[in-house]
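All residue numbers for the sequence shown refer to the UniProt record's numbering, where the first residue is 1 and numbers rise by one.
Comments concern the structure below.
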Amino acid sequence: MSILMNIGYLIASFSFIIGLKLMSSPKHANKGNTIAAAGMLIALLSVFTGVVTDNINYTNLTIILVAILLGVVVGRQMAVKVKMTEMPQMVSLLNATGGGCAMLLGWIEAIQITSFIGVGSQVLLNLGTLTGAIAFSGSVVAYLKLAGKLKDYNSVVVNVTSKLLIFMCIALPVAYATQVLSISFYELTMVLLALGLIYGILFVVPIGGADMPVVISLLNSITGIATALAGLLHDNKTMIAGGIFVGAAGIFLTILMCKAMNRSLWKVIAGTSKSKKAGTASAQEQEIQETNVAETVTKLLLANKIGIIPGYGMAVAQAQHTCFQLQKLLMQQEKSLDYIIHPVAGRMPGHMNVLLAEAKIEYEYLKEMHETNDHMEEYDLLLVIGANDVVNPVAETNPESPIYGMPIIKAHLSKNVIVFKRSMNPGYAGIPNELFEKENCQMLFGDAQTNLQEIVQQLKVLS
């Protein structure tokens, strides 16, 4: 049976590798997700092949099976009912469960230790418990912030306390190992668990909303590391492999997103930001040009190459399905249409890709920022729907701006731009958008979904 269990672990690990590879492309992401889920099922079944060979405790087995059943039911309900605007919150909650699992595993192992264990096992257990606690509490705070239930809070006290907690997390195990600290290993583990929970809260609380996609990715990586450490402690090869994959992928994604925002990882973690002086007029003082649905339809009919730049506002308006209807109408008239995606658009990594995939928009029409910026002058018309900071030229022109140096989609270089907005309120960065004042830019105010539906209806009549 142990051979069968190890074979199952090996198959599950390969399933994770294949699934991750396929999920690197939106075109094959659904298939990759299915394969990875099948691998997780194989891993669970492999665990039970080991359980049935031992002296079975039917009470514990029943509890485990009930817990799995509850997880399946609750998880499915969450996945079915979640709105696209709430997807980042759901990702944070799921990440919290992973970190909490690693934390609880460390706690349970520490309770069961009745004799001396090796230094290596002590280190693994403490690190797994600590990182799991950080991922758990940090992900819960991220959920609260994304849901608008908790505001950013940054102060000298928070920063100093965070640094003090890091020092204590290093000093306490050293003091225990050198017998300077006279406490039991269980007590040490519980202290580290508490410190990890507090640090996770203080780690995420100061971080601004614009940096939340990076934080979600980093917390996901921490959860992966905690899982790998728990796998090493329990000699579970699937946990080791899965944890390493998640941890490594999360770190690489975090670094790539920091690069896309022109932000160092350390500044994101520290919750520091650049000066808030934008050096431009307030949004209310900007001189803009307004347009309406009829004029927008006319420009669409006259344009040959069209681009749509989506942002979080598109998710709020649930306008992705109407965009797909617009795309089909424009393609019937043999017009070219691209969806231009900024790496940090939305509230989590890949938020816009998931949003458009939900509307059955083919991957071939999705273009990354670097693919279009060098050819932006070729676009006859760009529709900016819900995006703000990622198209703000101030990132290239004003060194005093908090987003200065962040790579943007250079919409201002296209021939014409129409921005769909409810009002002149600024984006996440809290600064006016210089694009709105450009001669080639017009503002279409109102609900994006309503405006797009009217545009589609008028195009159907005219086509």
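The beta-carbon is built from N, C-alpha and C at its ideal position, and this holds for glycine as well.
Remember, it's a predicted structure, so these values are computed and weren't measured experimentally.
Practice prompt. Please report the residue range of the beta strand (DSSP E) in which residue 339 lies.
Written response: 336 to 341
Discussion item. Whole angstroms are fine: how far does the CA of residue 264 sit from the CA of residue 251?
Written reply: 13 Å
Worksheet item: Which parts of the region 119 to 187 are runs of the beta strand (DSSP E), unbroken and 3 residues or longer, counting only runs that do not cross its ends?
Response: If we require 3 residues or more, the region 119 to 187 turns out to have no beta strand (DSSP E) run fully inside it.
Worksheet entry | Exposure label - residue 372; buried when at least 16 CB within 10 Å | By the neighbour-count rule (16 or more Cβ atoms within 10 Å), residue 372 is buried.
Worksheet entry | Backbone CA spacing between residue 11 and residue 249 [nearest angstrom] | Linking residue 11 to residue 249 through their CA atoms gives a straight-line distance of about 20 Å.
Item to complete: Determine the burial state of residue 375: buried for a count of at least 16 other Cβ atoms within 10 Å of its Cβ, exposed for fewer.
Response: With fewer than 16 other Cβ atoms from the protein chains shown falling within 10 Å of its own Cβ, residue 375 counts as exposed.
Item to complete: Using DSSP bridges, identify the partner residues of residue 290.
Response: 443
Item to complete: Specify whether the region 226 to 234 and the region 95 to 114 touch according to this definition: at least 3 beta carbon pairs, one from each stretch, less than 8 Å apart.
Response: yes
Fill in: Among 153, 165, 89, nearest to residue 144 - alpha-carbon criterion
89
Worksheet item: Contact check, residue 322 vs residue 452 under 8 Å by CB: the rounded distance?
Response: 4 Å
Worksheet item: Helix, strand or coil: how does DSSP classify residue 362 here?
Response: Coil at residue 362, not helix or strand.
Item to complete: Let me know if residue 4 comes out buried or exposed under the rule of 16 or more other beta-carbons within 10 Å of its beta-carbon.
Response: That one is exposed.
Discussion item. For residue 468 and residue 239, I'd like the C-alpha separation in whole angstroms.
Written reply: In this structure the chain extends from 1 to 463, so residue 468 is not present and cannot be described.
Fill in: Short Cβ contact (8 Å threshold) for residue 418 with residue 462
no
Practice prompt. Less than 8 Å between the CB atoms is what I'm expecting for residue 20 and residue 31, so what's the real figure, rounded?
Written response: Their Cβ separation, rounded to whole angstroms, is 12 Å, which puts residue 20 and residue 31 out of contact at 8 Å.
Worksheet item: When you compare each of 48, 244, 175 to residue 65 by their alpha carbons, which one comes out closest?
Response: 48
Worksheet item: What's the C-alpha gap between residue 278 and residue 187?
Response: Any reading at residue 278 is ruled out, since the residue's pLDDT is 45, under 50, leaving its predicted position unreliable.
Practice prompt. From the DSSP output, in three-state form, read off residue 213 for me.
Written response: helix
Worksheet item: Looking only at its own chain, which residues have a Cβ that is under 8 Å from the Cβ of residue 185, when we skip the five neighbours before and after it?
Response: 110, 113, 117, 122, 176
Practice prompt. Have a look at residue 276 and residue 406 and give me their C-alpha separation to the nearest angstrom.
Written response: Any answer about residue 276 is weak, because its pLDDT of 47 lies below 50 and its placement is not dependable; what the coordinates show is given next. Distance between the alpha carbons of residue 276 and residue 406 is about 15 Å.
Worksheet item: Do you know offhand how far residue 274's Cα is from residue 348's?
Response: Legend: pLDDT at residue 274 = 48, less than 50; position of this residue unreliable, value from coordinates given subsequently. Straight-line Cα distance between these residues: approximately 22 Å.
Discussion item. What does the Cβ neighbour count give for residue 257, buried or exposed, with the cut at 16 atoms within 10 Å?
Written reply: Label assigned to residue 257: buried.
Item to complete: With a cut-off of 8 Å on the beta carbons, I'd call residue 408 and residue 392 a contact; round off their distance for me.
Response: 6 Å
Worksheet item: Between which two residues does the beta strand (DSSP E) harbouring residue 382 extend?
Response: 381 to 385
Worksheet item: At which residues does the beta strand (DSSP E) containing residue 417 begin and terminate?
Response: 417 to 421
Discussion item. Which of the three DSSP states is assigned to residue 307 in this structure?
Written reply: strand
Fill in: For residue 76, the first and last residue of its enclosing alpha helix (DSSP H)
58 to 81
Worksheet item: Just curious, the alpha helix (DSSP H) that residue 15 is in, first and last residue?
Response: 2 to 23
Worksheet item: By Cβ distance, which residues of its chain are closer than 6 Å to residue 219, with the 5 residues on each side in sequence left out?
Response: 95, 135, 138, 139, listed in sequence order.
Discussion item. Going by beta-carbon coordinates alone, are residue 341 and residue 369 separated by less than 8 Å?
Written reply: yes
Worksheet item: Helix or strand or just coil, what does DSSP make of residue 367?
Response: strand
Discussion item. Which residue wins for smallest C-alpha separation from residue 353, given the options 304, 15, 27?
Written reply: 27
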